[in-house]
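Participant:
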Amino acid sequence: MTHTVKRDRMLVGGFALAVLTMPVWMTPLGAGYPDLLQRFAIYGIFAIGFNILFGLTGYLSFGHAVFLGVGSYAAVWSFKLLSMNVLPAVLCAMGVSGLFALAIGYISLRRSGIYFSILTLAFAQMAYNLAYSVLTPITNGETGLKIERVDPRLIDTWLSGPSTLIPSTNFFGMPMSGYSGFFFCAVLLIAAFYVALRIARSPFGAMLRAIKSNQNRLNYAGVHTRPYALTAFVISGIFAGLAGGLLAATDPLAGAERMQWTASGEVVLMTILGGVGTQLGPFVGAVIIKYAENIFSAFNPQTLHGIFAFLPDPIEDVVVTVTGLFVGNGWQLTLGTLFMLLVIFLPGGVIEGARRLGVLIGRKTAALRGRRSQPLGSALPASGAASE
Amino acid sequence: MDAVLLQLLNGLDKGGAYALIALGLTLIFGTLGVVNFAHGALFMLGAFCAVTTHKLLTISKSVQDTSITLFDVHKDVPYLQIWWGDIGARIIDYAVPLSVLLAIPMMLLVGVALERGLIRHFYRRTHADQILVTFGLAIVLQEVVKAYFGANPLPTPAPEIVSGSANIGAWIGLGDALSYPWWRLVYFLFSVAVIGMVLAFLRFTTFGMVVRAGMRDRETVGLFGIDIERRFTIVFGIAVVVAGLAGAMYTPILPPDYHMGMEFLVLSFVVVVVGGMGSVGGAVLAGFLLGILQSFASMNEIKDLLPGIDQIIIYLVAIVILLVRPRGLMGRAGVMET
């Protein structure tokens, strides 16, 4: 037991170190700017939260982006009504999305399997449609919700009088743009990671995994599983709301497109790309997706010609035409292809792949070592095997 | 009375599309046990079969416009019109109905290839995996179409002869207020015909009998020495063709763009769930029912009463049905009820 505790501590420590030094080691990869790093951290939180539901309980929600969108709206409203400080905004986002998750989860969790997926999808579509149409006074429809100069901002006005220009978001004076914004998100990401790890290691987490492996058996054993699943759903909704609130904090704008089913699909992809049910997987997946999105969508035919210039001209043209489909505006095609390849060949995700690779390398090196040591102790292996 | 009847009619064409897609979905689910999230994309592919047909028929040559003599003006005239004159023009006019001839073999090919190449490997995987892989497939299909045809909707006109409105009110003696676009009527009749054909195929042929038996108890059918998997592959092909036909004929109602499939997919899934997973009749019934319900919800009187109801009515119905009657309207007991 102590061994696991120690390992977990090291895991969190290593994770924190890796996240906080991201501006350093991401720079050579061409991702060392705060805007992208913020997105890594925010979508990392989103995916970690999604993993609490999907990874532990096995319930595949196809409408998780609702909570992201709701969190964004709540945060922007907090900026408009209360203060430009991000603390109330983030708390607001978490609270409101938690309430939404409670309501949606309470109904959706009455069914499992594909019905659960369709129910969550239906709720997401409903929220998306309503945000675009009837709820325009709250969501500002297609334009998206923005902060304006005339907003009341009660706390700010009470503290420092009415402002003359649109203030920017801050955390007690620390601006939310640039690296300070990233570090704010990073600290929350580490906290989210720690909480998720604690949940996974707790008896509650064990119960969630039991739900995944065999819900019927739990029911027969007299355990009422729904409250556990609902709690997981709400926690995961709060994580998504936190991510949505941070999205609004770093760029105070909220639009309904954040709730679209494509956004829900994206977080599913992040989680399975990294590795469902693993601790690091969701964050790794989120970073890979956002990084690849950033890199691939920046390509255009000119850069491609530059890359493949070493090829003979006719081949170069063909290669550029083919790869051109996958980059720039065609980034989604890469995403879809990746999605399929992953589910077909590597359902365990990157973490599982790395583990398999590790095992393979370990076996190879062991085999090599064995072969090298054979001439020395020629008769030993047979007796060694027998004694084992 | 007129208004109610009009909404009833308005719901029919959309209901027809829902029913056709849902029919395919539920067939695939009932036979292969696979949840196909790519079915909306296949509907979209069918629509683009119509676009392709229209494009193929109107391959044009630039000729000098003789009606303007002051200066050189060139206009594009389709080859068909140059070769066959009026008959060629007539053929181009009928591009959408003719596209059915292209859509059937194309979609059958796509369907069989998909089943053999991809879906087959997912029979034994979890529903989550099936959903994910077909979801990825949907994105890929969508993006390939987008890369080829562009992102804008491509209007594809219905034949001249059915472009107006039918004066249905006069037919049944209700006055002139009740007019209904001809093509929507055609689409409704078409969908009913296709549904009838599929149902008859399942009901009255030996092949259909084996398939139905396989849906009930696949193992026993296998014990009789029948290669049920091969028949299920064909069923998958048929389901894909049905979705494709639904898409091809829908183009005059809704100009197709690359992401039209997803909206229909979500709705069709809801239709399948309401009708009952794996129930063919339920899917058809629920398709028309929800189509009509949606068109009633978009009446101004109802929208004034309950704002936004037209956007969410179908989902609301689905949620209520799933909670109250989890096996759907006509679902069989024991099929995916948890």
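Residue numbers (the numbering used here), protein chains in the order written: chain A, 2 to 389; chain D, 180 to 517. Each residue gets a CB set at the ideal place from its N, CA and C atoms; glycine is no exception.
1. Let me confirm a value: Val503/D is counted as buried when at least 16 other C-beta atoms fall within 10 Å, else exposed. Which label applies?
2. For Ala497/D, decide whether its Cβ has a neighbour in chain A, counting only Cβ atoms nearer than 7 Å.
3. Can Lys254/D and Asp244/D be called in contact, C-beta distance under 7 Å?
4. Output needed for Asp272/D: all residues of its chain with C-beta closer than 6 Å, excluding positions within five of it in sequence on either side, in chain order.
5. With 8 Å as the C-beta to C-beta threshold (strictly closer), list the residues of the segment 119–132 of chain A near chain D in chain order.
6. Going by DSSP in three states, Ile272/D sits in which element: helix, strand or coil?
7. Which two residues bound the contiguous beta strand (DSSP E) that contains Ser241/D?
8. Where Gly510/D and Gly457/D are concerned, what is the direct C-alpha to C-alpha distance, given to the nearest angstrom?
9. Which runs of the alpha helix (DSSP H) at least 4 residues long sit entirely within the segment 121–189 of chain A? Give them in chain order.
10. Within 10 angstroms of the Cβ of His300/D, are there 16 or more other Cβ atoms? Answer buried if so, exposed if not.
11. To the nearest angstrom, how far is the alpha carbon of Thr22/A from that of Asp9/A?
12. On the DSSP bridge list, what partners appear for Lys254/D?
13. In whole angstroms, give me the CA-to-CA distance for Ile270/D and Thr335/D.
14. Closer than 7 Å by beta-carbon distance: list the chain D residues that pair up with Gly331/A, in chain order.
15. Use the C-beta contact count for Met177/A: other C-beta atoms within 10 angstroms, 16 or more gives buried, fewer gives exposed.
16. Cβ closer than 7 Å: which chain A residues qualify as neighbours of Asp396/D?
17. Thinking Thr231/D and Leu281/D are a contact (beta carbons under 8 Å), I'd like their distance in whole angstroms, please.
18. On the DSSP bridge list, what partners appear for Ser344/D?
19. State the Cα-Cα distance for the pair Gly343/D and Gly278/A, rounded to the nearest angstrom.
20. Measure the alpha-carbon distance for Phe240/A versus Ile46/A and round it to whole angstroms.
21. Could you have a look at Asn86/A and say whether DSSP puts it in helix, strand or coil?
22. For the putative contact between Gln490/D and Ser109/A, defined by C-beta atoms under 8 Å, what is the C-beta separation to the nearest angstrom?
23. Please report the straight-line C-alpha distance between Leu472/D and Ser113/A, rounded to a whole angstrom.
24. What does the Cβ neighbour count give for Asp396/D, buried or exposed, with the cut at 16 atoms within 10 Å?
25. Report the residue ranges of all alpha helix (DSSP H) runs contained in full by the segment 43–97 of chain A; include only those spanning at least 4 residues, in chain order.
26. Taking 7 Å as the CB-CB limit, is Leu61/A close to chain D?
27. Between Ala287/A, Leu103/A and Thr304/A, which lies nearest to Val328/A when the distance is taken from Cα to Cα?
28. Between Val341/D, Ala379/D and Leu259/D, which has its C-alpha nearest Val365/D's C-alpha?
29. Would a check of beta-carbon distances place Leu326/A closer than 7 Å to chain D?
30. What residues in the segment 337–350 of chain A have a beta carbon less than 9 Å from any beta carbon of chain D?
31. Based on the DSSP secondary-structure assignment, which residues constitute the bridge partners of Ala255/A?
32. When burial is assigned at 16 or more other CB atoms within 10 Å of the CB, is Thr5/A buried or exposed?
33. Check distances from the C-beta atoms of the segment 200–228 of chain D to those of chain A and list, in chain order, the residues that come in under 7 Å.
34. Kindly list, in the order they appear in chain D, the residues whose Cβ is closer than 8 Å to that of Ile108/A.
35. Select from Leu136/A, Gly31/A, Tyr44/A and Cys186/A the residue whose C-alpha is nearest the C-alpha of Met271/A.
36. Buried or exposed for Asn171/A, please, with buried defined as at least 16 other CB atoms from any protein chain shown within 10 angstroms of its CB.
Facilitator: With the given structure in hand:
1. Residue numbering aside, residue 503/D sits at position 324 when the second sequence is read from its first letter. The residue in question, Val503/D, is exposed, as its Cβ has fewer than 16 Cβ neighbours within 10 Å.
2. What you label residue 497/D is simply residue 318 of the second sequence in a count that begins at 1. Judged by the 7 Å Cβ criterion, Ala497/D is in contact with chain A.
3. Looking up residue 254/D in the second sequence gives position 75. Looking up residue 244/D in the second sequence gives position 65. Their beta carbons are under 7 Å apart, which means Lys254/D touches Asp244/D by this criterion.
4. As a position in the second sequence, residue 272/D is number 93, starting the count at 1. So the list reads Pro338 and Glu339, once near-sequence residues are dropped.
5. Ile119, Leu120, Leu122, Ala123, Phe124, Gln126, Met127, Asn130 and Leu131
6. Counting from 1 along the second sequence, the entry for residue 272/D is found at position 93. Residue identity check: residue 272/D is Asp in the sequence provided, not Ile. Note: Asp272/D maps to helix in three-state DSSP.
7. Walking along the second sequence from the start, residue 241/D turns up at place 62. Note, Ser241/D: beta strand (DSSP E), Ser239 to Gln243.
8. For this step, residue 510/D is matched to residue 331 along the second sequence. For this step, residue 457/D is matched to residue 278 along the second sequence. CA-to-CA, the gap between Gly510/D and Gly457/D works out to about 7 Å.
9. 137–140 and 155–161
10. Position 121 of the second sequence, counting from 1, holds the residue named residue 300/D. His300/D comes out exposed.
11. Taking the first residue of the first sequence as 1, we reach residue 22/A at position 21. Taking the first residue of the first sequence as 1, we reach residue 9/A at position 8. Computed Cα separation, rounded: 20 Å.
12. Looking up residue 254/D in the second sequence gives position 75. As DSSP reads the structure, Lys254/D sits in a beta bridge with Val242/D.
13. Reading the second sequence from its first residue, position 91 is the one you call residue 270/D. Reading the second sequence from its first residue, position 156 is the one you call residue 335/D. Looking at the backbone, the Cα of Ile270/D and that of Thr335/D are separated by about 14 Å.
14. Sequence index remark: in the first sequence, residue 331/A carries index 330 (1-based). Ordered by position in chain D, the residues that pass the 7 Å Cβ test against Gly331/A are Glu322 and Ala326.
15. What you label residue 177/A is simply residue 176 of the first sequence in a count that begins at 1. Result: buried.
16. Taking the first residue of the second sequence as 1, we reach residue 396/D at position 217. Within chain A, no residue has its beta carbon less than 7 Å from that of Asp396/D; the closest one is some 21 Å off.
17. Along the second sequence, one-based indexing puts residue 231/D at 52. Along the second sequence, one-based indexing puts residue 281/D at 102. Right, their Cβ atoms sit about 7 Å apart.
18. Looking up residue 344/D in the second sequence gives position 165. DSSP lists Pro360/D as partners of Ser344/D.
19. If you number the second sequence from 1, residue 343/D lands on position 164. If you number the first sequence from 1, residue 278/A lands on position 277. Answer to the nearest angstrom: the Cα atoms are 58 Å apart.
20. By one-based count along the first sequence, residue 240/A stands at place 239. By one-based count along the first sequence, residue 46/A stands at place 45. Computed Cα separation, rounded: 6 Å.
21. As a first step, residue 86/A is located in the first sequence; it is residue number 85 there, counting from the start. Looking at Asn86/A - three-state DSSP - the assignment turns out to be strand.
22. Locating residue 490/D in the second sequence gives position 311, where the first residue counts as 1. Locating residue 109/A in the first sequence gives position 108, where the first residue counts as 1. Not confirmed; about 19 Å, so no contact.
23. As a working note, residue 472/D is residue 293 in the second sequence. As a working note, residue 113/A is residue 112 in the first sequence. If you take the alpha carbons of Leu472/D and Ser113/A, they lie about 27 Å apart.
24. By 1-based counting over the second sequence, the position of residue 396/D is 217. The residue is exposed, with fewer than 16 neighbouring Cβ atoms inside 10 Å.
25. 66–82
26. Translated into positions along the first sequence, residue 61/A becomes position 60. With 7 Å as the cut-off, Leu61/A counts as an interface residue toward chain D.
27. What you label residue 328/A is simply residue 327 of the first sequence in a count that begins at 1. Ranking the options by Cα distance to Val328/A, first place goes to Thr304/A.
28. If you number the second sequence from 1, residue 365/D lands on position 186. The option with the nearest alpha carbon to Val365/D is Val341/D.
29. Along the first sequence, read from residue 1 onward, the residue named residue 326/A stands at position 325. Interface residue, yes.
30. Gly337, Thr338, Leu339, Phe340, Met341, Leu342, Leu343, Val344, Ile345 and Pro348
31. The residue given as residue 255/A occupies position 254 in the first sequence. DSSP lists Leu146/A as partners of Ala255/A.
32. Indexing the first sequence from 1 puts residue 5/A at position 4. It is exposed - the Cβ of Thr5/A has fewer than 16 other Cβ atoms within 10 Å.
33. Val214
34. If you number the first sequence from 1, residue 108/A lands on position 107. Result: Ile498 and Leu502.
35. Residue numbering aside, residue 271/A sits at position 270 when the first sequence is read from its first letter. It is Tyr44/A.
36. In the first sequence, residue 171/A corresponds to position 170, counting from 1. Classification for Asn171/A: buried.
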